[in-house]
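Number of protein chains: 2
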Amino acid sequence: MGSASRNVRTYDHFCFVARSLEKVGDRWSLLVVRDLLSGRRRFTDLMDRLGGITPKTLSMRLRELGDAGIVAVDRASGRREVWYSLTPSGRELAPVIEALGNWGLRHTWRRPRADEPLHPEHLLRAVVQAIDTESTDRRPVRWAFVLDGEDYVVACDGERWSYSSDFDEDAAVVTLAATHDAFARLILDGSSDGVTLTGQPPAVERLRALIGTIRDVVTVTS
Amino acid sequence: MGSASRNVRTYDHFCFVARSLEKVGDRWSLLVVRDLLSGRRRFTDLMDRLGGITPKTLSMRLRELGDAGIVAVDRASGRREVWYSLTPSGRELAPVIEALGNWGLRHTWRRPRADEPLHPEHLLRAVVQAIDTESTDRRPVRWAFVLDGEDYVVACDGERWSYSSDFDEDAAVVTLAATHDAFARLILDGSSDGVTLTGQPPAVERLRALIGTIRDVVTVTS
DNA sequence: CTGGATCCATGATGATACTG
DNA sequence: CAGTATCATCATGGATCCAG
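These protein sequences, in sequence, are chains A and B.
Numbering follows our numbering, in which position 3 of the first sequence is assigned residue number 3; successive positions increment by one, without gaps.
Numbering follows our numbering, in which position 197 of the second sequence is assigned residue number 419; successive positions increment by one, without gaps.
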């Protein structure tokens, strides 16, 4: 929402791919969008997820994305926190993120390296995306995930699988709680150590089955 | 296909969006993919389309995309030309380009500026994308476009509209020939000056109607 | 002519430290 | 918590040059 200086790094093509990249093509920009797609976040929430970004670059990107009408800032007076969220226009970048994630899943799969920071939300996104692209199961459902103490909801609306951080855990038929480490072991190795699954047995079994499906996917190219 | 040095500008997230951006997130990279999606091109063909890129940057990007398995090089001995094309993996980036183009069409529309280079292929891409997203007409068809002397084919397969530079103009029911300038006036202003349309009247009329449809789209937000 | 490589200037990004 | 300030480095752009 600012109006500050913007580095005019343009392509000057009459092309809407180029025009989009003028808005979101800078380093880190699309990753900021990625981490706002699931809900509003504070500066430090974003710092956590965007491992390796410097505060200077993050504040610059947030300002540019604000100027571009992609990010909105909620800076209420009398409150410490500043909340960043996507505008409707920003939310329409979801297909871009999905397309990049799909390509990455198909062509850059590898197990996490030891030194590679693993935010549970990123792993969850990959899991949901793998289910969405690889499974034929489309029965509507709603699951609650609690990863490192943060709440996420994975849902199927009958057509697409998605996740967000909207909190209505009561409507969920299964709750999965784990640390990011235990969750990673469940996805990558099938080990349930440290993972708490609660819910009716058939519902829990369905979740297990879907995770088993994508394990086949991710281990094939591994 | 090279094996030369590559600047390791990574994000080191366990995230496939970030992994994809490590391959194609550099400035110009996705525009190189954009301009190879319709067929193989030479270095100078790409220079023409990528207005403003320096030869140094283009050769660097082609090498990096080659190393990433996205671009293939055909450097036959005894022949002057070097042909660049997308690998199957590179072609799978089409959904990324489409998503970016769609977002750009919806959120960054404006008429070309006077100083803005306009390559006919980029305008054609926008036209086809607008037809694909805005029209309900899905009857299979094949049109030939000759823009600035270069051949393109626009086709509907019954489900999606697409274009390429595969040459089978004989199978086309309509041929449209124009300079990029005349083509731009047709799309933006509806003027047929300098545009040659040949084919059976009903087929020509269908093409005109579809171009009229997208004219409504592009002028609404203009 | 095509297909680049080289040199230099500058702007974007990263590392680190610090502050309201 | 939410950033800013300073400095170093790297990537990119602009211009020019060169080999087949």
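Quick reminder that beta carbons are idealized off the backbone N, C-alpha and C, glycines included.
Any C-beta of chain B under 8 angstroms from that of residue i
i      : result
A:T213 : no
A:K56  : no
A:E236 : The first residue shown for chain A is 1 and the last is 222, placing residue 236 of chain A beyond what the model contains.
A:S20  : yes
A:W143 : no
A:Y11  : yes
A:T133 : no
A:N7   : Confidence at A:N7 is low in this model, with a pLDDT of 44, below 50, so the placement of that residue should be treated as unreliable; the coordinate-derived value is given next. Judged by the 8 angstroms Cβ criterion, A:N7 is not in contact with chain B.
A:L123 : yes
A:A126 : yes
A:P202 : no
A:L30  : yes
A:L86  : no
A:L100 : yes
A:R79  : no
A:R34  : yes
A:S222 : Annotation note: pLDDT 45 at A:S222 (below 50); position unreliable, no value reported.
Assumed close pair residue i, residue j - CB separation to whole angstroms, cut-off 8 angstroms
i      : j      : result
A:G101 : B:V239 : 5 angstroms
B:L345 : A:F43  : B:L345 to A:F43, Cβ: 41 angstroms. No contact.
A:R19  : B:T330 : 4 angstroms
B:A400 : B:L408 : 7 angstroms
B:L284 : B:W250 : 10 angstroms between Cβ atoms; not a contact.
B:L258 : B:V318 : Contact doesn't hold; Cβ gap of about 13 angstroms is too wide.
B:R332 : A:E92  : The Cβ separation is near 18 angstroms, so there is no contact.
B:A406 : B:D415 : Their Cβ separation, rounded to whole angstroms, is 11 angstroms, which puts B:A406 and B:D415 out of contact at 8 angstroms.
B:E391 : B:D411 : At roughly 27 angstroms, the Cβ-Cβ gap does not stay under 8 angstroms, so B:E391 and B:D411 are not in contact.
B:H402 : B:L369 : 6 angstroms
A:L46  : A:Y11  : About 27 angstroms separates the two Cβ atoms, so there is no contact after all.
B:S387 : B:A377 : The pair is not a contact, with the Cβ atoms about 12 angstroms apart (cut-off 8 angstroms).
A:V33  : A:L86  : 7 angstroms
Buried or exposed by the 16-neighbour rule on C-beta atoms within 10 Å, applied to residue i
i      : result
B:A336 : exposed
B:G312 : buried
A:F167 : exposed
A:A209 : exposed
A:G25  : buried
A:G158 : exposed
B:R263 : buried
A:S38  : buried
A:S59  : exposed
A:S191 : exposed
A:R228 : Outside the shown range of chain A (1 to 222) lies residue 228 of chain A, about which nothing can therefore be said.
A:R224 : This structure does not reach residue 224 of chain A, given that chain A is present from 1 up to 222, and the question cannot be answered.
A:R160 : exposed
B:G326 : buried
B:I436 : buried
B:S444 : Residue placement at B:S444 is flagged as unreliable, the pLDDT there being 45, under the threshold of 50; a coordinate-derived value is accordingly withheld.
A:G212 : exposed
A:G149 : exposed
A:A4   : Caution is warranted here: a pLDDT of 30 is assigned to A:A4, below 50, making its placement in the model unreliable, and the coordinate value is therefore given only provisionally. Looking at its Cβ environment, which holds fewer than 16 other Cβ atoms inside 10 Å, A:A4 is exposed.
C-beta neighbour in chain A for residue i, strict 8 angstroms
i      : result
B:I409 : no
B:G412 : no
B:W383 : no
B:I319 : yes
B:C237 : yes
B:T209 : Summary: the structure shown does not reach residue 209 of chain B, with chain B confined to residues 223 through 444, and so no result is reported for it.
B:G326 : yes
B:G274 : yes
B:E286 : no
B:A404 : no
B:S311 : yes
B:R297 : no
B:G247 : yes
B:E372 : no
B:T330 : yes
B:L369 : no
B:L340 : yes
Contact test: residue i Cβ vs the ligand COA heavy atom, cutoff 7 angstroms
i      : result
B:K245 : Looking for the ligand COA in the displayed structure turns up nothing, as the structure carries no ligands at all.
Is the stretch 49-59 of chain A touching the stretch 353-369 of chain B, taking contact as three or more C-beta pairs under 8 angstroms? With a cut-off of 8 angstroms, the stretch 353-369 of chain B and the stretch 49-59 of chain A do not count as touching, because too few Cβ pairs lie within range.
Can at least three beta-carbon pairs, one atom from the stretch 105-125 of chain A and one from the stretch 65-74 of chain A, be found at a separation below 8 angstroms? No, the stretch 105-125 of chain A is not in contact with the stretch 65-74 of chain A.
Do the stretch 193-208 of chain A and the stretch 166-177 of chain A meet, that is, are 3 or more Cβ pairs less than 8 angstroms apart? Contact holds: three or more Cβ-Cβ distances are below 8 angstroms.
Do the stretch 78-87 of chain A and the stretch 143-156 of chain A make contact, defined as three or more Cβ pairs closer than 8 angstroms? Short answer: they don't touch.
Could you tell me which uninterrupted alpha helix (DSSP H) segments, each at least 4 residues in length, are contained entirely in the stretch 120-174 of chain A, listed from first to last along the chain? If we require 4 residues or more, the alpha helix (DSSP H) runs fully inside the stretch 120-174 of chain A come out as 120-134.
Runs of alpha helix (DSSP H) lying entirely within the stretch 229-314 of chain B, each at least 4 residues, in chain order: Runs of alpha helix (DSSP H) with 4 or more residues, each lying fully within the stretch 229-314 of chain B, are found at 238-246, 251-258, 265-271, 277-289 and 310-313, listed in chain order.
Quick check on the DSSP output: what are the complete alpha helix (DSSP H) runs of length 4 or more inside the stretch 417-443 of chain B, in order along the chain? Segments of the alpha helix (DSSP H) lying fully in the stretch 417-443 of chain B: 423-442.
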